[in-house]
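Laid out in structure tokens, this is it:
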């Protein structure tokens, strides 16, 4: 189960939507939340919001940090700012600000190993102010984060279908195990589909994977594809589902690049299409 959740905050009402979404999907009073505000993603010129950036944690309270960041965006209403701060206070959400690529590399990425899950709203990929600097920061963050990443829209109410990708590799099965450990409650609530890429490795292990999954759910579907065109067939399968969460330990770079480069045209950008990258 999830206890320590890291959330990428973008400094807009979408951050509140993402927080609400996490409360809908992961209902537990024992969860601990940490909000990460990153230069170029949360807002521009974060280091100008604070008088002495290096002393942020010692100089300001959580509420003061959030208030300053949200006020930097002139489109944020006073009503939203007050409501969001109140929610963060109720959840005792820890807040950290990352002002440079070095800060992201040395602190956020290294600290992510102590989080169970990194929650990222897909809306960051379609923000109007995403430039080369922001693009590089998002890409490095998602590729190098040391805990599973959940990419989803803040509008998600339910996943409906959970698609587990297994290609015979250790990495693909470890992603499935991580998902089962962290989000087993979602297995009971949604339809499960095991997508097997037929290789010599997967053929020898498929029965063990099936037996493992039956510890969580007795009945689920199995779909087999061959490696020559498996990614295209995977997308065809996913396109026919009414909402899904894809669980994958492979294809991480392809999925991230698709979202970053194609933005609204990305296959995964539809609100009811979510991805768990283990």
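Residue numbers (our numbering): 3 to 280.
The beta carbon of each residue, even a glycine, is placed where N, CA and C say it ideally should be.
Model, not experiment: these values are computed from the prediction.
Here's a check: name, in chain order, each residue in its chain whose Cβ is nearer than 7 angstroms to the Cβ of residue i, leaving out the five neighbours to either side.
i: residue 187; result: none
i: residue 262; result: 127, 137, 140 and 141
i: residue 58; result: 52, 67 and 99
i: residue 226; result: 198 and 200
i: residue 151; result: 120, 122, 144 and 279
i: residue 204; result: 168, 169, 170 and 198
i: residue 264; result: none
In angstroms with no decimal places, state the Cα-to-Cα distance between residue i and residue j.
i: residue 3; j: residue 244; result: 26 angstroms
i: residue 246; j: residue 115; result: 26 angstroms
i: residue 90; j: residue 232; result: 43 angstroms
i: residue 164; j: residue 206; result: 23 angstroms
i: residue 72; j: residue 86; result: 9 angstroms
i: residue 180; j: residue 173; result: 10 angstroms
i: residue 229; j: residue 211; result: 18 angstroms
i: residue 80; j: residue 22; result: 19 angstroms
i: residue 74; j: residue 62; result: 16 angstroms
i: residue 189; j: residue 29; result: 15 angstroms
i: residue 267; j: residue 111; result: 28 angstroms
i: residue 88; j: residue 107; result: 30 angstroms
i: residue 276; j: residue 269; result: 11 angstroms
i: residue 154; j: residue 202; result: 33 angstroms
i: residue 217; j: residue 54; result: 53 angstroms
i: residue 274; j: residue 194; result: 16 angstroms
i: residue 1; j: residue 223; result: Lying before the first or after the last residue shown, residue 1 is absent from the chain, which here runs from 3 to 280.
i: residue 252; j: residue 208; result: 17 angstroms
i: residue 250; j: residue 166; result: 7 angstroms
i: residue 105; j: residue 39; result: 11 angstroms
i: residue 113; j: residue 149; result: 9 angstroms
i: residue 65; j: residue 236; result: 44 angstroms
i: residue 214; j: residue 44; result: 40 angstroms
i: residue 239; j: residue 192; result: 17 angstroms
i: residue 76; j: residue 103; result: 25 angstroms
Can you name the start and end residues of the alpha helix (DSSP H) that residue i belongs to?
i: residue 60; result: 58–61
i: residue 70; result: 64–73
i: residue 211; result: 202–216
i: residue 13; result: Careful: residue 13 lies outside any alpha helix (DSSP H) and carries neither H nor E.
i: residue 234; result: 232–241
i: residue 263; result: 254–264
Can you name the residues that DSSP bridges to residue i?
i: residue 179; result: Per DSSP, none; premise fails for residue 179.
i: residue 113; result: Beta-bridge pairing links residue 113 to no other residue.
i: residue 97; result: 37
i: residue 225; result: 197
i: residue 6; result: 34
i: residue 189; result: In DSSP, residue 189 forms no bridge with anything.
i: residue 154; result: 123
Where do the N-terminal and C-terminal ends of the beta strand (DSSP E) with residue i fall, by residue?
i: residue 163; result: 163–168
i: residue 148; result: That residue, residue 148, is in no beta strand (DSSP E); it is neither H nor E in DSSP.
i: residue 276; result: 275–279
i: residue 123; result: 119–123
i: residue 246; result: 246–250
Can you round the beta-carbon distance between residue i and residue j to whole angstroms, since I take them to be within the 8 angstroms contact cut?
i: residue 129; j: residue 12; result: 7 angstroms
i: residue 97; j: residue 37; result: 5 angstroms
i: residue 49; j: residue 101; result: 5 angstroms
i: residue 9; j: residue 25; result: Not really, about 11 angstroms apart at Cβ, beyond 8 angstroms.
i: residue 117; j: residue 7; result: 7 angstroms
i: residue 156; j: residue 176; result: So it is not a contact: roughly 28 angstroms between Cβ atoms.
Can you name, in chain order, every residue of its own chain whose Cβ lies under 8 angstroms from the Cβ of residue i, other than the five neighbours on each side?
i: residue 145; result: 254, 255 and 258
i: residue 78; result: 13, 14, 15 and 72
i: residue 32; result: 5
i: residue 2; result: There is no way to answer for residue 2, as the model of the chain reaches only from 3 to 280.
i: residue 84; result: none
i: residue 271; result: 124, 127, 128, 261, 264 and 265
Ordered along the chain, which non-local residues of its own chain (more than five positions away) have a Cβ less than 6 angstroms from that of residue i?
i: residue 82; result: 15
i: residue 18; result: 86
i: residue 182; result: 218
i: residue 95; result: 35 and 37
i: residue 93; result: 35
Tell me, please, whether the CB atom of residue i is closer than 8 angstroms to any CB atom in chain B?
i: residue 76; result: Among the chains of the structure shown, chain B does not appear; only one protein chain is present.
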